[in-house]
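Taken in order, these protein sequences are the chains called D and U.
Using numbering that gives the first Met the number 0, you'd call the opening residue of the first sequence number 0 and step up by one each time.
Using numbering that gives the first Met the number 0, you'd call the opening residue of the second sequence number 0 and step up by one each time.
Every residue, glycine too, gets a C-beta built ideally from N, C-alpha and C.
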Amino acid sequence: MTLTWLGRAALYLCALGALGGVVDQARALRRRRPGHARRFAVVALVGIVLAIAVMQYALITHNFSLAYVAENNATFTPLLYSITGMWSALEGSLLLWVLLQSALIAAVAWYYRRQRDDAVVQWASLVLFGVQAFFTLLMVGPADPFLRNAARVVQGAGPNALLQDNPLVAAHPPLLYAGFVGFSVPFAFAVAMLITGRVHEHWPLEQRRWSVLAWGALSVGVVLGAWWSYEVLGWGGFWGWDPVENAALLPWLTATAYVHSVIVQDRRGLFRVWNLSLAVATFALTVLGTFFTRSGVLVSVHAFSSSTLGPLLIGFFFFVVVLGVGLLAWRGDRLRAPVGVDHPLSREGLFVANNIIFVGFAIVVLLGTVFPLLYQAINGSQVTVGTPYFASIAAPLAVVLLALMAIAPLVSWRSADPKVLWGRLRTSAWVALAAVVVLLLAHVTRYPELVAVFLSVMAAGAALRTLRGVLVSARRRGSWRGALRAPSTGGMVVHLGIVVLALGIVTSTTYAKRHEVTLASGQTTVVDGQRVGFYGFAHVRSALLSATELKVRVDGHSLRPAVTTYHGRNGQTVGTPAIDSTLLRDVYVTFDAVGGTGLASGAQIQSQLPVGSVVLGVTVEPLLAWLWIGGLMVGAGAALSFVRRRHVEEAP
Amino acid sequence: MKRSVLALSLAVLVVVTAMSLLLATRHPITNATQTQSPLLGHRAPSMKGPELGGGSFSLAAQRGQVVVVNFWASWCGPCRVEAPELSTFAWHERTRGVELVGVVFNDSLSAAASFAKHYGSLYPSLVDQGGVFANRFGVTSPPTTFVIDRHGRVAATLIGPTSARQLEAVVARVRS
Chain D
0 MTLTWLGRAA LYLCALGALG GVVDQARALR RRRPGHARRF AVVALVGIVL AIAVMQYALI
60 THNFSLAYVA ENNATFTPLL YSITGMWSAL EGSLLLWVLL QSALIAAVAW YYRRQRDDAV
120 VQWASLVLFG VQAFFTLLMV GPADPFLRNA ARVVQGAGPN ALLQDNPLVA AHPPLLYAGF
180 VGFSVPFAFA VAMLITGRVH EHWPLEQRRW SVLAWGALSV GVVLGAWWSY EVLGWGGFWG
240 WDPVENAALL PWLTATAYVH SVIVQDRRGL FRVWNLSLAV ATFALTVLGT FFTRSGVLVS
300 VHAFSSSTLG PLLIGFFFFV VVLGVGLLAW RGDRLRAPVG VDHPLSREGL FVANNIIFVG
360 FAIVVLLGTV FPLLYQAING SQVTVGTPYF ASIAAPLAVV LLALMAIAPL VSWRSADPKV
420 LWGRLRTSAW VALAAVVVLL LAHVTRYPEL VAVFLSVMAA GAALRTLRGV LVSARRRGSW
480 RGALRAPSTG GMVVHLGIVV LALGIVTSTT YAKRHEVTLA SGQTTVVDGQ RVGFYGFAHV
540 RSALLSATEL KVRVDGHSLR PAVTTYHGRN GQTVGTPAID STLLRDVYVT FDAVGGTGLA
600 SGAQIQSQLP VGSVVLGVTV EPLLAWLWIG GLMVGAGAAL SFVRRRHVEE AP
Chain U
0 MKRSVLALSL AVLVVVTAMS LLLATRHPIT NATQTQSPLL GHRAPSMKGP ELGGGSFSLA
60 AQRGQVVVVN FWASWCGPCR VEAPELSTFA WHERTRGVEL VGVVFNDSLS AAASFAKHYG
120 SLYPSLVDQG GVFANRFGVT SPPTTFVIDR HGRVAATLIG PTSARQLEAV VARVRS
């Protein structure tokens, strides 16, 4: 009872801060005086922190007087999953969402504290407080996390089984939300710039810094999500073009286009309106992604997060688009850059190509995601758009993007001399060719792999050449810290990370081999060069779960694939894969079926097999671990890009 | 060329408006799963008792009708999702020989009554003192829904939040 009122009071305080911020900024704009953004941001932040404290207290102490806790926690839920239980379902994850949004607004208010009388900052703060108010009011209204539970609940339902069997649940959702929330800043400033008409000042490049922060969080969040599904779901894959995965990919694509094209605006003053459009599109797509995740209108592996908020979220999306696009329609033509791109073979020309591909890719993914709904609305029958559609478009686009990464960083601005360019490309082209020849001699003949290796080596060459330039000039100045903050360092580290990631994806998917082997206890076999042995069952019982593990050895390493039943009402029986991972290859082992009567393990029973034998799924995927390494490199590069210096023309 | 941003923006607005309308009018796909329960094909357990807000209900008196029995609780999240769907279903099927009845599962009467009022439920709900009906039907967690055919036999068991569309499909199958 008290928890309900404490939590709600804290939420009201947060809503008060957000709404007060909106009113305060509007009044400041009307009277042309400084606003009090910091004060209202702090009020809202304190409110949401208190609300989260109440929720965490209830979760950690298993206090079932809150309906949310009774639904997503149980007396036997361990501490880590009690804490992460806050984002196991919609109402609680809104708390996390608003916390991140509030912290971001407080940071923006602090960062621009000396410009709080500037109309651009005031309009942007107004928009940000508005976004914060919307998400806070969702919790005050239809998605109340502090709803009281009248019934006496003894044990609680516990979190969804898939949300309590891997610690990545603590990292993936918060990073993803941080990415989504982060794009509200470039959107807010885009709106502010459009309203005030001041697009030619320093604002766009500063927005790049905020965007890179969000972009980095989203990138790492998406990679961690892929890692999580690889570790947990048991099919050996990491990306399935699920609507909710697409929901995260869509803003990532437009944001990637944005962080590239803003550089052109900084250096050449072009693409002003285009950049604003990308900022608007990115934020709108984060809202649309939230709709896809929370409305339940699309079939998805993330079905546990569906809710009744669909109409509100799509309404908010519509409002965001109307606001952004309406302003663009009103102001766009007057704010355009007076000049265009001089020559297609120039840095800015290749940035145009980059933008066309990223935005085109986003449109294709959006179309594929929405198509089943469109088809159903017209024909009344169900249709699914699966991996073949997405993959057949993603593969050629990825090839072009790798090629652009190989060339664009070495092309001069304005107009490039092909001879000079070839001089810069020559070394990496020969190395790439040599790598392909070596692979061919080693009987690696599949052409996707060969194309990927050739382009990746060249792209890495371009990035390394740029980084070498940075180091040389840093040594000349004697400042190594300067090298870290140089304009191109972060970006090129990201490029290297993407190259590593691309090689991991192409190699592991091209050469993945899945086998099913049936083994009796004590038997070993050789699968794809890996010695796999089965040495009996182990039964694990705890308050949280009961599991039947298989004692398996792969090349001398002990693995325990299992079938696990989580207790509690939301608990269910899930397969738990085991992975032997080295830098060269992953061996992914799943417990697929058991022979005879099944030993009551929860695994699928195949009665024609002898009692005590098991069917193991063994998937060997070369170089898969490099996906995660590449993802971390991308995150590191984004961090470097965040602290980057502005490009200044060197004195002659 | 001169007004191209304006033209393009307006085109984008039209497309987005159409898309938003399409998305706003879609219904959630619910994930109630039809399961094999030991009751399938057998005579439904008897159920007779007071309704929430007065009146009484007897399952035996409904023989000749298809009866949908839905166990719910005010503290159950998925029940909040399906409550409006159930009302839609009850309203559509009210003249077609289908009766929908709720059973309150492990909940206080005041909380259950305010839940039914909040969602304007268009179907009666039975009070289940001591969880007797829940035990007879083997219900361990709400929402669980049973479809009982005209002869009083259990024809389908649905676990999880269901939708009007799903129930209509199940009932059509049971009727034929």
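On the DSSP letters alone, give me the boundaries of the alpha helix (DSSP H) that residue i sits inside.
i: H566(D); result: Careful: H566(D) lies outside any alpha helix (DSSP H) and carries neither H nor E.
i: T60(D); result: Unbroken run through T60(D): none, as it is neither H nor E.
i: N69(U); result: Where N69(U) is concerned, there is no enclosing alpha helix (DSSP H), although the beta strand (DSSP E) it sits in stretches over 65 to 71.
i: L15(D); result: 1 to 30
i: Q264(D); result: 242 to 267
i: T506(D); result: 488 to 509
i: S557(D); result: Not the alpha helix (DSSP H): S557(D) falls in the beta strand (DSSP E), residues 556 to 558.
i: S101(D); result: 89 to 110
i: F389(D); result: 386 to 406
DSSP three-state call for residue i: helix, strand or coil?
i: H199(D); result: coil
i: T281(D); result: helix
i: A59(U); result: helix
i: G178(D); result: helix
i: Y446(D); result: helix
i: V586(D); result: strand
i: S124(U); result: strand
i: T368(D); result: helix
i: E230(D); result: helix
i: F75(D); result: coil
i: A155(U); result: strand
i: S8(U); result: helix
i: P44(U); result: coil
i: P185(U); result: It is not possible to answer for residue 185(U), since the shown part of chain U is limited to 0 through 175.
i: Q163(D); result: coil
i: D591(D); result: strand
i: L344(D); result: coil
i: L326(D); result: helix
i: P651(D); result: A caution first: P651(D) carries a pLDDT of 38, below 50, which makes its placement in the model too unreliable to give a value.
i: T176(U); result: No answer is possible for residue 176(U): the residues shown for chain U start at 0 and end at 175.
i: G636(D); result: helix
Go through its chain and collect everything with a Cβ distance to residue i's Cβ below 8 Å, but skip five positions before and after it.
i: L327(D); result: L193, V272, L275, S276, V279
i: M0(U); result: Caution is warranted here: a pLDDT of 47 is assigned to M0(U), below 50, making its placement in the model unreliable, and the coordinate value is therefore given only provisionally. Cβ neighbours of M0(U) beyond the five flanking positions: none.
i: P417(D); result: L344
At what residues does the beta strand (DSSP E) containing residue i begin and finish?
i: S545(D); result: 544 to 553
i: H538(D); result: 529 to 540
i: H514(D); result: 512 to 518
i: S580(D); result: 577 to 580
i: F145(U); result: 143 to 147
With a CB to CB cut of under 6 Å and the five nearest residues on each side skipped, what residues in its chain are close to residue i?
i: F145(U); result: V68, V153, T156
i: T76(D); result: G157
i: T83(D); result: V168, A169
i: A461(D); result: A405, P408, L409
i: W240(D); result: T386, F389
Grab me the residues of residue i's own chain with a C-beta within less than 7 Å of its C-beta, minus the 5 sequence neighbours each way, in chain order.
i: A637(D); result: V211, W214, G215, S218, G489, V493
i: L136(D); result: A14
i: Y176(D); result: L95, W96, L99
i: A118(D); result: L28, T195
i: P44(U); result: R135, F136
i: Q529(D); result: V553, D554, V586, V619
i: R484(D); result: V642, R643, R644
i: F114(U); result: S73
key: Inter-stretch contact (C-beta, 8 Å, three-pair minimum) for the region 623 to 632 of chain D and the region 489 to 502 of chain D   = yes
ask   = Any chance the region 177 to 185 of chain D sits against the region 214 to 226 of chain D, with 3 or more Cβ pairs inside 8 Å?
value = yes
ask   = Between the region 511 to 523 of chain D and the region 605 to 616 of chain D, do at least 3 Cβ pairs fall closer than 8 Å?
value = yes
task = Report yes or no: do the region 533 to 549 of chain D and the region 41 to 54 of chain D share at least 3 C-beta pairs separated by less than 8 Å?
result = no
query = Is the number of C-beta pairs between the region 83 to 102 of chain U and the region 59 to 75 of chain U that are closer than 8 Å three or more?
reply = yes
query = What residues from the region 237 to 253 of chain D come within 8 Å of chain U, judged by C-beta to C-beta, listed N to C?
reply = none
ask   = Given a limit of 7 Å on CB to CB distance, which residues of the region 256 to 284 of chain D reach chain U?
value = V272
ask   = At a Cβ cut of 9 Å, what residues of the region 216 to 230 of chain D count as close to chain U, listed as they run along the chain?
value = none
request  = Please name the residues in the region 331 to 358 of chain D whose beta-carbon is closer than 8 Å to at least one beta-carbon of chain U, in chain order.
outcome  = G331, D332, R335
message = So if I threshold CB-CB distances at 8 Å, which residues from the region 570 to 592 of chain D count as touching chain U?
response = none
inquiry  = Can you pull out the residues from the region 47 to 70 of chain D whose beta carbon lies closer than 7 Å to at least one beta carbon of chain U?
reply    = A66, A69, E70
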